[in-house]
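Asks: The numbering used here applies: residue 2 is where the sequence shown begins, and numbers increase by one. Every residue, glycine too, gets a C-beta built ideally from N, C-alpha and C. Once you've had a glance at the structure underneath, I'll fire off some questions.
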Amino acid sequence: MTTLPSATPVRVPPQPSRTAVVRRARRINRELAELYPDAHCELDFTSPLELLVATILSAQCTDKRVNQVTPVLFARYRTAADYASADRDEVEKIVMPTGFFRAKTTSIIGLGQALCERFGGEVPGKLKDLVTLPGVGRKTANVVLGNAFGVPGITVDTHFGRLARRFGWTTSGDAVKVEQEVGSLFPRSEWTMLSHRLIWHGRRICHSRRPACGACPLAALCPAYGEGPTDPVVAARLVKSGPFS
Ligand code: SF4
């Protein structure tokens, strides 16, 4: 009878405590605040309605491209009623450079109609109302709340989700879960600026493919350091300088 070798115990690396995760998350936020003191929403707007429309147009499009289109659009359509009664062909022509222009036109005209029918032509300042509008999901609603109404909101776009996972703040790919899990690590008052900072860092240094780890000021704090090139010269070439608007 053969004796089976006793199983080698598997060593599970110790998980950092909740306190340690919170401390490190807040330290990363402080470093980002120093790195990007001017972080802000890179879409141009002067009212909640303009921001709402610009955010709808920014789906699958750069903020820079949206900002090239919106001056003409905003000069032509000033109120929700203007959008509600807009000529479809005319709107399509203006927003065409932002891509998906038919769907975006449908959303913008529908948005104008919904605002007039249900909210007296004004943009509502509550998440539960904003998400009932055509073309407006949680991400868009949080952008508008945080930047046009001063209500703290976490904007989980592709950059925010990726960086939150790299920092170990969440493992989820679900935007609502990411919003909740990251939100629990920070005071509400930090949510809007935290969103801008992560998005800025994602656009400039912590790219989706090949993050510039060797040129990243957060290298010492980041659990994902090494996901991109660590050689300083190679990494420096990957850094993109803004502005992106
Ligand atoms: S060290 Fe690398 S993965 Fe971590 S934040 Fe910096 S660029 Fe991103």
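1) Shorter than 7 Å, the distance from the beta carbon of I206 to the closest heavy atom of the ligand SF4, or not?
2) Which runs of the alpha helix (DSSP H) fall wholly inside the segment 145 to 199 and span at least 4 residues, in chain order?
3) Please report the straight-line C-alpha distance between V67 and R89, rounded to a whole angstrom.
4) Using a Cβ distance threshold of 8 Å, determine whether the segment 85 to 104 contacts the segment 150 to 160, with at least three qualifying pairs required.
5) Residue range of the alpha helix (DSSP H) that K241 falls in?
6) Can you give, in chain order, each stretch of the alpha helix (DSSP H) that sits fully within the segment 77 to 112 and has at least 4 residues?
7) Exposed or buried, what is V145 when buried is set at 16 or more other beta-carbons lying within 10 Å of its beta-carbon?
8) Taking all protein chains shown into account, decide if A237 is buried (16 or more other Cβ within 10 angstroms of its Cβ) or exposed.
9) Where do the N-terminal and C-terminal ends of the alpha helix (DSSP H) with K129 fall, by residue?
10) Looking at C-beta atoms only, is the number of pairs between the segment 181 to 189 and the segment 221 to 231 that lie closer than 8 Å three or more?
11) Is it right to say D253 is buried, meaning 16 or more other beta carbons lie within 10 angstroms of its own, or is it exposed?
12) Quick check on the burial criterion: 16 or more other C-beta atoms within 10 angstroms. Buried or exposed for K140?
13) Go ahead and label P125 buried or exposed: buried means 16 or more other beta carbons lie within 10 angstroms of its beta carbon, across all protein chains shown.
Replies: Quick look at the numbers:
1) yes
2) 159 to 167, 176 to 184
3) 18 Å
4) no
5) K241 -> no alpha helix (DSSP H), and no H or E assigned at all.
6) 81 to 85, 89 to 96
7) buried
8) exposed
9) 128 to 131
10) no
11) Outside the modelled stretch of the chain, which goes from 2 to 246, sits residue 253, for which no answer is possible.
12) buried
13) buried
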